[in-house]
Amino acid sequence: MPHTSPDRPLHGDARDELDYTLDRGEVLETPQEVLRTHDLTPQAYAFVRNNNPYPPGADTLAPVPASGVLEIGGLVERELALNVADLDRLPRHEMEAVMQCAGNGRAFYRDAQDIDGHPWVRGGVMNGLWGGVRLADVLGDAGIRPEARFVTATGADGGCGFEKSVPLADALERGLLVRTLGGEPLAGAHGGPLRLLMPGFFGTVNVKWLRRLTLTDHESPHEAQQQRYRVVNADGTSRPCWHQPIKSVIWSPLPGESTTGTVLVSGVAWNDGSAPVSRVELSVDGGASWQDARLGPLRGPFAWRRWDAQLTLASGAHEVMARATDDLGRTQPLHGDEGWNPDGYEFHAVDRVRFTVGD
Ligand SMILES: Nc1nc2c(c(=O)[nH]1)N[C@H]1C(S)=C(S)[C@@H](COP(=O)(O)O)O[C@H]1N2
Ligand SMILES: [Mo]
């Protein structure tokens, strides 16, 4: 496997491991061969999703200095301007959490070719050890006015900028102002020196290059909140891509792989963190029968959980399916098209991989 040096810029040949395409900004998808080798995804292997050009100096996998100011305003008792460096003096918290792009798995929708958006397969996800300061600690200092219902996070992106809103109650309960990933200072490409993390929510709300938090009684009017990263409801209204539905991903065998004899099928599963993932079942007969996979340890409410199973299969072509269920009984639909939406967000159907067992 080629090696990534964390001190080289992203553009050029520094990220040979990542599948590299460009659309509106930059999309770097982590191949599953790389992703599956780490319980905690190293920064150098984490996927990248940018909607806009990088802010100056952020186009790097190297840590960036703790510079700049975080403004806090809107429905607060006192507006604050905090030096990013000063945040490091507040109590520090670390948590393990999956970050997944809302478009991850888009390519598996039956009508994927009609969707305007990057055709993510399985590599728009990572499991990070995130360190930083609780949003509640910082907002507490500003004083929250009773009318406030949302926190809007603004990034320092170029182009048309980036802004996302999340419910205030969830932000106070779990929001983290991230300074480190995997114990290292946050790299420029991943939002350094400061980004928001909302564990259990889709990646899109984890605003990078955070420069302002605004408390409001409404969601941001920015197009990244109002036009994009939304799913249409049955009544024609729409909702933002917030909580991640339960999902399992098969990491082995690889699609198209030829194996022999006993096949080790393995992968990970996660959800929005409100109940543990408590079961993963596999089927090799198109869903007619299912058998339990063995579950790895629970690593935390927002982390992914490993699973595996040894299957003895006759020689020939096979398709294995994986379905996760949590303690609330929430499970995955058999077909992605049950969750179809025109932008192809939130794909979380049963995963399927075709492979061959040789003689
Ligand atoms: N400022 C800013 N934050 C952002 C984005 C962006 O374009 N600009 N993209 C969002 C999306 S869609 C995702 S999936 C995650 C990706 O984070 P990563 O690039 O560190 O993997 O960042 C989110 N935060
Ligand atoms: Mo995303």
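Just so we're aligned: 101 in this note's numbering is position 27 of the sequence shown, and the numbers increase by one with no gaps anywhere. C-beta: ideal position from N, C-alpha, C; glycine also.
Anticipated Cβ contact below 8 angstroms, residue i with residue j, distance rounded
i, j, result
"LEU250", "MET169", "7 angstroms"
"ALA186", "GLY418", "6 angstroms"
"SER340", "GLY432", "About 19 angstroms; that fails the 8 angstroms criterion."
"LEU268", "VAL252", "7 angstroms"
"PHE224", "VAL240", "7 angstroms"
"VAL143", "ASN157", "6 angstroms"
"GLY148", "LEU372", "The pair is not a contact, with the Cβ atoms about 37 angstroms apart (cut-off 8 angstroms)."
"VAL245", "MET272", "According to the sequence shown, residue 245 is Ala rather than Val. ALA245 to MET272, Cβ: 7 angstroms. Contact."
Distance cut-off 7 angstroms: residue i Cβ against heavy atoms of ligand 2
i, result
"THR115", "no"
"THR254", "no"
"ARG123", "yes"
"GLY177", "yes"
"GLY277", "yes"
DSSP state of residue i mapped onto helix, strand, coil
i, result
"ASP425", "strand"
"PHE376", "coil"
"GLU145", "strand"
"PRO83", "Confidence at PRO83 is low in this model, with a pLDDT of 37, below 50, so its placement is unreliable and the value that follows should be read with caution. PRO83 falls in the strand class under three-state DSSP."
"GLU151", "coil"
"MET75", "Below a pLDDT of 50, predicted positions are generally treated as unreliable, and MET75, at 30, falls in that range; no measurement from the model is reported."
"HIS112", "coil"
"PHE224", "strand"
"ARG89", "In this prediction, ARG89 scores a pLDDT of 47, lower than 50, which makes its location untrustworthy; the coordinate-derived value is nonetheless stated afterwards. In the structure shown, ARG89 sits in coil (DSSP, three-state: anything other than H, G, I, E or B)."
"ARG180", "helix"
"ARG158", "In the sequence as displayed, the identity of residue 158 is Val instead of Arg. Looking at VAL158 - three-state DSSP - the assignment turns out to be helix."
"ALA186", "helix"
"ALA367", "coil"
"GLU107", "helix"
"THR278", "helix"
"THR430", "strand"
"HIS264", "helix"
"GLY330", "coil"
"GLN300", "helix"
"GLU420", "coil"
"GLN117", "helix"
"ASP400", "strand"
"ASP359", "coil"
"GLY410", "helix"
Residue i Cβ short of 7 angstroms to ligand 1 heavy atom set
i, result
"GLY418", "no"
"TRP283", "yes"
"VAL236", "Note that residue 236 is Phe in the sequence shown, not Val. Within the cutoff, so yes."
"ASP190", "no"
"ALA120", "yes"
"GLY229", "yes"
"ASN201", "no"
"HIS264", "yes"
"VAL415", "Sequence inspection shows Asn at residue 415; the Val mentioned does not correspond to that position. No, ligand 1 has no heavy atom inside 7 angstroms of this Cβ."
"MET173", "yes"
Ligand 3 heavy atom lying under 7 angstroms from the CB of residue i
i, result
"ASN307", "Of the ligands one can find in the structure shown, namely ligand 1 and ligand 2, none is ligand 3."
> Is there contact between the region 267–278 and the region 171–185, where contact requires at least three CB pairs shorter than 8 angstroms?
Replying inline: Proximity of the region 267–278 to the region 171–185 meets the contact definition, three or more beta-carbon pairs being nearer than 8 angstroms.
> Taking contact to mean at least 3 C-beta pairs separated by less than 8 angstroms, is the region 142–154 in contact with the region 347–360?
Replying inline: In short, these stretches do not touch, since the Cβ pair count stays below three.
>> Does the region 395–403 come into contact with the region 313–327, if we say contact requires no fewer than three beta-carbon pairs (one atom in each stretch) closer than 8 angstroms?
In response: As far as the Cβ criterion goes, the region 395–403 touches the region 313–327, which means the pair count is three or higher.
> Is there contact here, the region 119–129 with the region 341–350, by at least three beta-carbon pairs under 8 angstroms?
Replying inline: At 8 angstroms Cβ cutoff, the stretches do not touch.
>> Quick check on the DSSP output: what are the complete alpha helix (DSSP H) runs of length 4 or more inside the region 190–255, in order along the chain?
In response: List check, alpha helix (DSSP H) in window: 209–216 and 242–248.
> Is there contact between the region 257–265 and the region 178–198, where contact requires at least three CB pairs shorter than 8 angstroms?
Replying inline: Cβ pair count under 8 angstroms is below three, so no.
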